[in-house]
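Structure, as structure tokens:
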Amino acid sequence: MVIDIKVPERFRGRHTSYQDDIALVFLASPLQYDFNIRPVCIDFGIILEKAVGCRQFGKMVAYGRDTPARRQPQPQTRHHRVVAPWGVG
0 MVIDIKVPER FRGRHTSYQD DIALVFLASP LQYDFNIRPV CIDFGIILEK AVGCRQFGKM
60 VAYGRDTPAR RQPQPQTRHH RVVAPWGVG
């Protein structure tokens, strides 16, 4: 179930060449990543700095290697403690 949807204030569609075209969808329960459901990278700038403090937990998603010779075919999700370079928290 969707709890909330946040559309970036600057989103103006084709008038701004679809800048800021990714909305955040807040769900009541977690979902499982699969071939059709994948994470994306979003640059929140100052918004992220205000919302996330050091030592909080978050998810990191990246492609990587499971052995030195083999690259993962799918992005891998890891639960990590945040180390904020901006020194918040």
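The sequence shown begins at 0 in numbering that gives the first Met the number 0 and counts up one residue at a time. Don't be surprised by glycine CBs; every beta carbon is placed ideally from N, CA and C.
**Asked** What did DSSP end up calling Arg9 once you bin it into helix, strand or coil?
**Response** Within the sequence shown, residue 9 is the residue found at index 10, counting from 1. Note: Arg9 maps to coil in three-state DSSP.
_Going by C-alpha to C-alpha distance, which of Pro67, Leu30, Asp20 sits closest to Thr76?_
In the sequence shown, counting from the first residue as 1, residue 76 sits at position 77. Ranking Pro67, Leu30, Asp20 by Cα distance to Thr76 puts Leu30 first.
Checklist entry - Between Leu26 and Ile4, what straight-line distance do the alpha-carbon atoms span, to the nearest angstrom? => result Within the sequence shown, numbered from 1, the residue matching residue 26 stands at position 27. Within the sequence shown, numbered from 1, the residue matching residue 4 stands at position 5. Taking the straight line from one Cα to the other gives about 9 Å.
Val87 by DSSP, collapsed to three states: which one? One-based indexing of the sequence shown puts residue 87 at position 88. At Val87 the pLDDT is 48, less than 50, meaning the model places this residue with poor confidence; the figure from the coordinates comes in the next sentence. If DSSP states are grouped into helix, strand and coil, Val87 belongs with coil.
ask   = To the nearest angstrom, how far is it from the Cα of Asp20 to the Cα of His79?
value = Counting from 1 along the sequence shown, the entry for residue 20 is found at position 21. Counting from 1 along the sequence shown, the entry for residue 79 is found at position 80. One C-alpha to the other measures close to 27 Å.
Compare the Cα-Cα distances from Gln73 to each of Phe56, Gln55, Arg37, Pro67 and report the closest residue. Along the sequence shown, one-based indexing puts residue 73 at 74. Out of Phe56, Gln55, Arg37, Pro67, Arg37 has the C-alpha closest to the C-alpha of Gln73.
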